[in-house]
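Note that the sequence shown covers residues 20 to 121 in this note's numbering.
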Amino acid sequence: SFPIDPLSVDEVQKSMRVSNGCDVLLALAWITGKEISMLERFPEVLFADVTECTNKERRGMFVCTSQDGNGNIFNALHCYMPNGKPQTFDWIYSEAIPKLVG
């Protein structure tokens, strides 16, 4: 579950430009079958980066990549983020990555 302090709900709604009463998807992390297979073969290192404001909702997109034995880079994990606050990254690193990657 995504850790949101009830006192910060207004702040999250403001940052995402939504009004009270709207249902909002806060975060979504996923990994494909091919990406899991590649990570199982090359688990040594993950590189992480966030690209800002490239989608309609102007959310950050957290992406992990890795490298195979031939030096080719492959995507390893994707996550739409509600914001760049520390609790968002805490959720990605402590919940999403361990549950999706293992």
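All C-beta atoms, glycine included, are put in the ideal place defined by N, C-alpha and C.
- Counting only residues of its own chain and dropping the five nearest sequence neighbours on each side, R36 has no CB closer than 6 Å to any other CB.
- Note on the stretch 54-101: whole beta strand (DSSP E) runs with a minimum of 3 residues are 66-70, 79-86 and 92-100, in chain order.
- Its Cα nearest to that of R60, the residue A95 stands out among K104, M100 and A95.
- G79 is the residue among K75, G79, P62 and G88 whose C-alpha sits nearest the C-alpha of V69.
- The C-beta of C98 has 16 or more other C-beta atoms within 10 Å across all chains shown, which makes the residue buried.
- By a beta-carbon distance limit of 8 Å, C41 does not contact A67. Their separation comes to about 30 Å.
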